[in-house]
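So in the numbering used here, spot 163 of the sequence shown is number 163, and the numbers just go up one at a time.
Ideal placement from N, C-alpha and C gives every residue a C-beta, glycine not left out.
Down below is the structure, laid out as structure tokens.
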Amino acid sequence: MTSMLDPDLKPSPAREFVHKGKGCLAVLIAVAVLAFGGYFVYDRASGFLASWGEVADYPGPGKDQITVTIPEGATVNQIGGILVDNKVIQSAAAWDQAVKTEERSTSIQPGKYLMQTEMSAIDALTLLINPGESRIRSQFTVPEGLRLTAQVDTLVKTTKIKRASYEKALANPKKLGLPSYAKNKPEGFLFPDTYELTEQATAASVLKQMSGRFKDVAKEVKLTSQAKKLKRSPRDLVIVASILEAEVRGEGDRAKAARVIYNRLDKGEPLGLDSTVIYAENLKTNTTTPKDRASNSPYNTYKVKGLPPGPINAPGKAALESAANPADGDWMYWVTVNYDTGETKFAKTLAEHNKYVKEFQAWCQAKQGRCDS
Numbered sequence: 001m002t003s004m005l006d007p008d009l010k011p012s013p014a015r016e017f018v019h020k021g022k023g024c025l026a027v028l029i030a031v032a033v034l035a036f037g038g039y040f041v042y043d044r045a046s047g048f049l050a051s052w053g054e055v056a057d058y059p060g061p062g063k064d065q066i067t068v069t070i071p072e073g074a075t076v077n078q079i080g081g082i083l084v085d086n087k088v089i090q091s092a093a094a095w096d097q098a099v100k101t102e103e104r105s106t107s108i109q110p111g112k113y114l115m116q117t118e119m120s121a122i123d124a125l126t127l128l129i130n131p132g133e134s135r136i137r138s139q140f141t142v143p144e145g146l147r148l149t150a151q152v153d154t155l156v157k158t159t160k161i162k163r164a165s166y167e168k169a170l171a172n173p174k175k176l177g178l179p180s181y182a183k184n185k186p187e188g189f190l191f192p193d194t195y196e197l198t199e200q201a202t203a204a205s206v207l208k209q210m211s212g213r214f215k216d217v218a219k220e221v222k223l224t225s226q227a228k229k230l231k232r233s234p235r236d237l238v239i240v241a242s243i244l245e246a247e248v249r250g251e252g253d254r255a256k257a258a259r260v261i262y263n264r265l266d267k268g269e270p271l272g273l274d275s276t277v278i279y280a281e282n283l284k285t286n287t288t289t290p291k292d293r294a295s296n297s298p299y300n301t302y303k304v305k306g307l308p309p310g311p312i313n314a315p316g317k318a319a320l321e322s323a324a325n326p327a328d329g330d331w332m333y334w335v336t337v338n339y340d341t342g343e344t345k346f347a348k349t350l351a352e353h354n355k356y357v358k359e360f361q362a363w364c365q366a367k368q369g370r371c372d373s
């Protein structure tokens, strides 16, 4: 028997071949596994990546602002459905893919959010997870026809933001996003409407929101193009709209009153409006006295020809539309003869106008205290 410790001992060729064959086979198997496995991983990954382009998804970044409500207890899938229904995202499939990439998807909180239509699914998901100023805390409403000081009073009360913060923001009007024709003066250009108040809202962001809404409405009523047709500036039309907001209630009457203003301006006649004097003297009445009308204010349209220097309040959309689209007619006067109903009568001659003024005075006598100045 040959010793196994014999250094000269060599394996037989057959055994060596078998040993080497097993080694090669192992290597081949390993290479095959790696190759197949790599292909499998690549195939799955490339298929996953390709699938992003296969589902319907908006490219973003978004189009129109929209308020979306996420109810208490809504599942991730239900949230996706809400976004599709509101046209925020294009498809549930795109939402599902976005959700798979973000483990915080289940952390979306119920509430109201400021979003945009036609967002990409991943952008919509990111906003809901990290809403910042997009999360709505509450709503606030600013009525039409308020002068700037009254608007601030309303904002302080409804937004719970300090007056000093609003005063500081208003002191830097260039940062409020006002239209160029506002001439850096916010009076009349902070649009009256109902707004969403986000959790991180500031005085500046609230005022920017109102200024932005004004520009949207100005575009809707074609303020700039209509001003050109009337041979006026957009600012002129806002001033006219503020007068209509203060003086006339009926929409049809507003368009007629707008025509009266333009007719008088074209003929170089003073407008003779109580509303501008009330603004100038900061009166709390509906009418004025001879003393009030003797004011030297540039807003006194009894003494100063032309439009006042700026808007006397923040007009709403209806008033802006009337200023931009005056009725056809040759009226030169108007008077509201009944404050309760808002009935307004228009006249072409002074004699006719004086008749309507007497009708108004008779109404005032019958309604003691309603017309006190």
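query, result
"Minimum C-alpha distance to Glu187 - residue among Glu118, Phe346, Ala171", "Ala171"
"Limits of the unbroken alpha helix (DSSP H) element including Met210", "203-220"
"Collapsed DSSP secondary structure at Asn325 in the structure displayed", "coil"
"DSSP three-state assignment for Thr336, whether helix, strand or coil", "strand"
"Ile82 versus Leu127 - alpha carbon distance", "15 Å"
"Touching by the beta-carbon criterion (3+ pairs, under 8 Å), the stretch 312-329 and the stretch 195-202", "no"
"Distance, Glu72 Cα to Ser225 Cα", "46 Å"
"Where the alpha helix (DSSP H) through Leu380 begins and ends", "No statement about residue 380 is possible, as the shown extent of the chain runs from 1 to 373 and does not include it."
"Buried versus exposed call for Arg254 [16 or more other C-beta atoms within 10 Å across all chains shown]", "buried"
"Outcome for Leu197 when other beta-carbon atoms lying within 10 angstroms are tallied against a minimum of 16", "buried"
"Unbroken stretches of the beta strand (DSSP E), 3 residues or longer, contained in the stretch 74-140", "111-116"
"Cα-Cα separation between Val156 and Lys228, rounded to whole angstroms", "37 Å"
"Rounded C-alpha distance that separates Asn130 from Phe189", "32 Å"
"Same chain only: Cβ atoms within 8 Å of Asn296, ignoring 5 sequence neighbours per side", "Lys303"
"Boundaries of the beta strand (DSSP E) in which Phe346 is found, first to last residue", "343-347"
"As assigned by DSSP and simplified to three states, the class of Glu199", "coil"
"Simplified DSSP assignment, three categories, for Gln151", "helix"
"Residues bridged to Gln65 [DSSP beta-bridge criterion]", "Gln116"
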